[in-house]
Amino acid sequence: MTKLPELLVVASLLAGNISGFLVDYANVLDGPMDFSCKGNSSLTQLASHHDNRAEDRVWSFGCQPSRDEVMNCVWSGYVNDFDKPVLYECSGDEFINGFRSIHNNGPEDRRWAFQCCALRGHRRDKCHFTGYVNQYDGPLSYNVPDEQLIHGINSIHDNGSEDRIFAFEVCHFVEGGLKK
33 MTKLPELLVV ASLLAGNISG FLVDYANVLD GPMDFSCKGN SSLTQLASHH DNRAEDRVWS
93 FGCQPSRDEV MNCVWSGYVN DFDKPVLYEC SGDEFINGFR SIHNNGPEDR RWAFQCCALR
153 GHRRDKCHFT GYVNQYDGPL SYNVPDEQLI HGINSIHDNG SEDRIFAFEV CHFVEGGLKK
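Under the numbering used here, think of the first position of the sequence shown as 33, with each following residue one higher.
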């Protein structure tokens, strides 16, 4: 049986985009997740697959070297309750560079926390939300557009499908921001 990460690598190669999906999932079904891009890298790809038996998603992430220093990274607390929406934006000129979550089998949902970082010498500009990038119970595969980073996230849980849909606020990061 072929695993989702292997399919994602093949799809990325066919699309000419090999920016580094993780070979392994960042979590197991019903388990906690704690992922962030390491060193001087930023989040460029997200993928997940929903399992109807576990009523949960497994996640893979891809990171690429950043064009400038990634700095001042801070984790939020959990930003949602189970079965409730997520509507979160990093402060000021920060971008999301990590995801942390816990799953509960009662509500069959996750609570989410995010790592926000700054990019030395850059500020955010020209932000917009994507549409929802997945359907309930469907796969999610999202490539952050070139020269952009994720600044915010919107997610809605549905108790019928026991799943979430996700949209991302993406921004250009242009020179002229924090230097320290």
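We put the CB at the ideal spot given by N, CA and C, even for glycine.
Please read all numbers here as calculations on a predicted model, not as lab measurements.
{"Query": "If you follow the beta strand (DSSP E) that residue 159 is in, where does it begin and where does it stop?", "Result": "154-161"}
{"Query": "Here's the rule I'm using: 16 or more other beta-carbon atoms within 10 Å means buried, otherwise exposed. How should residue 94 be labelled?", "Result": "buried"}
{"Query": "Using a Cβ-Cβ cut-off of 8 Å (strictly less than) and excluding sequence neighbours within five positions of residue 158, which residues of its own chain qualify?", "Result": "203 and 204"}
{"Query": "Tell me the rounded alpha-carbon separation between residue 114 and residue 178.", "Result": "33 Å"}
{"Query": "Just mark residue 137 as buried or exposed, buried being the case when its beta carbon has 16 or more other beta carbons within 10 Å.", "Result": "exposed"}
{"Query": "Using DSSP with H/G/I as helix, E/B as strand and the rest coil, what is residue 117?", "Result": "coil"}
{"Query": "Between residue 194 and the rest of its own chain, which residues show a CB-CB distance below 7 Å, the 5 nearest in sequence each way excluded?", "Result": "87 and 140"}
{"Query": "Pick helix, strand or coil for residue 196, following the three-state DSSP scheme.", "Result": "strand"}
{"Query": "Measuring straight from C-alpha to C-alpha, what distance separates residue 208 and residue 151?", "Result": "10 Å"}
{"Query": "Are residue 132 and residue 107 closer than 8 Å when you measure CB to CB?", "Result": "yes"}
{"Query": "Can you give, in chain order, each stretch of the beta strand (DSSP E) that sits fully within the segment 70-155 and has at least 3 residues?", "Result": "73-83, 88-97, 102-107, 118-121, 126-136 and 141-151"}
{"Query": "Report the option in 165, 155, 192 and 163 whose CA atom is closest to the CA atom of residue 180.", "Result": "155"}
{"Query": "Between the alpha carbons of residue 53 and residue 81, how many angstroms are there, rounded?", "Result": "Residue confidence for residue 53 is low, a pLDDT of 47 falling below 50, so the modelled location carries little weight and cannot support an answer."}
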